[in-house]
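Structure first, commentary second.
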Amino acid sequence: MSQTQSFQTTFGQVELLLNARKPYGALCKLASISLQFSKDIRFLSLMASTQEQLKDFNNLVKTQQQLVVRRGTVEDKLNLLMAHYKVSERNQALDIGLQLQAEELSAAQDQKLSKILVKIYLEENDFDGAQEVITKCLFSEADDFLMWAQGIVHLNADHKDKALDYFRKAVQLNASNDQAWVSLGIMHKDMGDDDLSAANIEKAIDLNPFNTSALKLMTTATTKNTDKAQAAFGHLRFYLSEFCFDEEISLCHVQMLCQLKQWDAAELEIDKLLFHQPESSAVKNMKKSMIEAQVM
Numbered sequence: 013m014s015q016t017q018s019f020q021t022t023f024g025q026v027e028l029l030l031n032a033r034k035p036y037g038a039l040c041k042l043a044s045i046s047l048q049f050s051k052d053i054r055f056l057s058l059m060a061s062t063q064e065q066l067k068d069f070n071n072l073v074k075t076q077q078q079l080v081v082r083r084g085t086v087e088d089k090l091n092l093l094m095a096h097y098k099v100s101e102r103n104q105a106l107d108i109g110l111q112l113q114a115e116e117l118s119a120a121q122d123q124k125l126s127k128i129l130v131k132i133y134l135e136e137n138d139f140d141g142a143q144e145v146i147t148k149c150l151f152s153e154a155d156d157f158l159m160w161a162q163g164i165v166h167l168n169a170d171h172k173d174k175a176l177d178y179f180r181k182a183v184q185l186n187a188s189n190d191q192a193w194v195s196l197g198i199m200h201k202d203m204g205d206d207d208l209s210a211a212n213i214e215k216a217i218d219l220n221p222f223n224t225s226a227l228k229l230m231t232t233a234t235t236k237n238t239d240k241a242q243a244a245f246g247h248l249r250f251y252l253s254e255f256c257f258d259e260e261i262s263l264c265h266v267q268m269l270c271q272l273k274q275w276d277a278a279e280l281e282i283d284k285l286l287f288h289q290p291e292s293s294a295v296k297n298m299k300k301s302m303i304e305a306q307v308m
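Here the working numbering is used: the first residue of the sequence shown is 13, the next is one more, and so on.
Structure (structure tokens):
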């Protein structure tokens, strides 16, 4: 077998490993030929797919930058935008997005770009920017994410009736839109319907047990409804089994332990958080509240 055939075989093996969701094996294979192929388009594409599966987004940014330099398709630029977004580099992502708006995009690419731009604008509290993108989208009325985003824009403008209407449209278009269910839960809470609010939040968690907004709202609601404390406790523990160092959800977990009067377990969790984040005022305040609660 020639050297070229050997490398082609390696590329094929990498593709098989990625299809089998075995990114570590794929990375080892790519590392073995990196000296010869580090600038090769196919090598870079496979490395990007591997880093995506590994959630190695910092290195993914570098790989996508190489692909933009060496090939520079619209899809490459969109992928670089997404990589920047995943490492919270929203300004860099926005710069690429604004440049892409001037290029000729397919319908699918335009939809992908519009959604990520709306996400960035909402996270930056630029509601006018989000509205501008939504208004330009010809497909917005058929897209549950953009319907939800339109509701957020209206809510920011204190147009609560319109916001509620758009959140309902979002779940009608896609009953699996967990974030829209959270928004409905928040609105029904604000309207004084605690039972419907709780049902909406529970629906969101059933759809996505890693929705942090829903988990935090569930914890707050459970302090007034001890009947649901055990269920809430289970949801928090499931989340932390995957993301064990999430401070906000860890504090929700401690709050639930205190509510269930499991003081020793609560203290252990607080000490673990302080070990990793010794300067966290939120953790220190929770420890103080826990001590005070035991004295009462």
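For every residue, glycine included, the Cβ atom is placed at its ideal position computed from N, Cα and C. Given the structure is predicted, the values throughout are model-derived calculations rather than measurements.
*The alpha helix (DSSP H) spanning L125 covers which residue range?*
Here the alpha helix (DSSP H) through L125 covers 119 to 135.
*By how many angstroms is the C-alpha of P221 removed from the C-alpha of Y251?*
A straight-line Cα-Cα distance of about 7 Å links Y251 and P221.
*Quick one: residues in its chain with C-beta nearer than 8 Å to the C-beta of L58, no 5 flanking neighbours on either side, listed in chain order?*
Excluding residues within five positions, the ones whose Cβ falls inside 8 Å are F23, V26, E27, L30, A38, L42.
_Alpha-carbon to alpha-carbon, I108 and V165_ = Between the alpha carbons of V165 and I108 lies a gap of roughly 23 Å.
*Own chain partners of K124 with C-beta closer than 8 Å, once the 5 adjacent residues on each side are dropped*: Once the five neighbours on either side are set aside, the close Cβ partners of K124 are L90.
_For E260 and V80, I'd like the C-alpha separation in whole angstroms._
So the two alpha carbons sit approximately 37 Å from each other.
_Check this for me: beta carbons of Y133 and W160, under 8 Å apart or not?_
It is not a contact, given that the beta carbons lie outside the stated cut-off.
*As assigned by DSSP and simplified to three states, the class of F287*: DSSP places F287 in helix when its eight states are reduced to three.
*Would you mind reading off the limits of the alpha helix (DSSP H) that contains A210?*
Here the alpha helix (DSSP H) through A210 covers 206 to 219.
*With DSSP run on the structure shown, which of helix, strand or coil describes L150?*
In the structure shown, L150 adopts coil according to DSSP, grouped into three states.
_Suppose you measure from the CA of D68 to the CA of T75; what does that come to, to the nearest Å?_
Whole-angstrom Cα-Cα distance: 11 Å.
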